[in-house]
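Undergrad:
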Amino acid sequence: MGWLAPLSALAILVGALGPDRAAWWTRERAFVIFAVLLLGFHTLVTTFTAGSGFLNSSPAMVPGCLLIVAGALSQVLRRAPVILLAVLLLAAPLAVRAYGETRDVIAARNRMAQPLASVKALIERDAKMPPSEVVIMARIPWELHWSTGYKAIQIPADDLATILEVAKRYRANYLLLPAPRPALEPLYRDEHSDGRFRFVGAVPHASPDLGRYSPLKLFGIR
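Under numbering that gives the first Met the number 0, think of the first position of the sequence shown as 0, with each following residue one higher.
1. Compute the beta-carbon to beta-carbon distance between A178 and R138, rounded to the nearest angstrom, for a pair I have assumed lies under 8 Å.
2. Starting from G219 and walking both ways along the beta strand (DSSP E), at which residues does that stretch end?
3. Residues in the same chain with beta-carbon distance under 7 Å from L6, minus the five sequence neighbours each way, listed in chain order, please.
4. Give the DSSP bridge partners of G200, in chain order.
5. With a cut-off of 8 Å on the beta carbons, I'd call V95 and L217 a contact; round off their distance for me.
6. Report all residues from its chain with a CB closer than 7 Å to the CB of E190; omit the five preceding and five following residues, and keep chain order.
7. For the structure I just gave you, are there three or more beta carbon pairs, one from the segment 159-176 and one from the segment 65-84, closer than 8 Å?
8. Tell me the DSSP secondary structure of Y149 in three-state form.
9. Within a Cβ cutoff of 6 Å, which residues of the same chain sit near A10, ignoring the five residues on either side of it in sequence?
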């Protein structure tokens with residue numbers, strides 16, 4: 000939120016302690032409660048700064064913060080056109096930043112989705128079972144499921160015997176590499192080094208989220 004956070008805090012103090020505080024609380028109570036609950040949740044429950052932490056959730060507060068700042072400006076500037084211009088000037092940097100971040104996220108997702116669509120095509124050509132029975136073991140099961148619709152499970156960070164046992168337990172019939180698993184590195188280097196896996200095909204990619212190495216390699220699990 001950058002500079003909007005301290006400006007919003009100042010606007011909240013002005014409104015909550017000002018002469019019209021009763022009307023202010025009536026208007027802004029719901030947002031203040033939401034902000035306190037959000038801060039409390041991330042302070043007491045998700046106490047980290049990335050992923051699902053507060054930095055990831057804070058954009059949900061931006062619309063409310065802008066409204067509170069606009070309300071505070073109306074007490075100072077008075078004239079509606081000037082207030083509107085001030086709010087637009089405050090919102091413009093946020094909009095530009097949001098546009099850039101959204102564009103980057105979409106580009107990153109496309110770098111993942113396009114190779115995974117090719118993986119799906121490989122499976123469609125290879126599979127002898129209905130799509131509902133396809134289970135893929137991979138490093139990124141969530142992305143794989145979202146992009147292909149197939150069920151997916153995480154590759155255990157363990158030895159090869161454990162990996163195969165998990166594959167058997169959850170009826171996984173495909174394995175997607177690369178993955179940071181030492182037990183599977185020989186298979187990635189030489190697709191025919193282990194008779195328990197059948198090489199299906201390879202898909203080039205340029206996404207760091209899909210692994211450090213290219214291409215993706217798909218194996219059938221016998």
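Beta carbons: idealized from backbone N, C-alpha and C, even for Gly.
TA: According to the data block:
1. Counted from its first residue, the sequence shown places residue 178 at position 179. Counted from its first residue, the sequence shown places residue 138 at position 139. Indeed, because the Cβ distance is near 4 Å, the residues count as touching under 8 Å.
2. Along the sequence shown, read from residue 1 onward, the residue named residue 219 stands at position 220. Where G219 is concerned, the enclosing beta strand (DSSP E) stretches over L215 to I220.
3. Counting from 1 along the sequence shown, the entry for residue 6 is found at position 7. Counting only Cβ-Cβ distances below 7 Å, and skipping sequence neighbours, we find V68.
4. Taking the first residue of the sequence shown as position 1, residue 200 is located at position 201. According to DSSP, which records beta bridges pairwise, G200 is partnered with L217.
5. Here residue 95 refers to the residue found at position 96 when the sequence shown is read from its first residue. Here residue 217 refers to the residue found at position 218 when the sequence shown is read from its first residue. That pair is no contact at about 41 Å.
6. Stepping through the sequence shown from its first residue, residue 190 is reached at position 191. Once the five neighbours on either side are set aside, the close Cβ partners of E190 are F198 and K216.
7. no
8. As a first step, residue 149 is located in the sequence shown; it is residue number 150 there, counting from the start. The answer is coil: DSSP assigns Y149 none of H, G, I, E or B.
9. In the sequence shown, residue 10 corresponds to position 11, counting from 1. Only I67, V68 and A71 meet the Cβ criterion.
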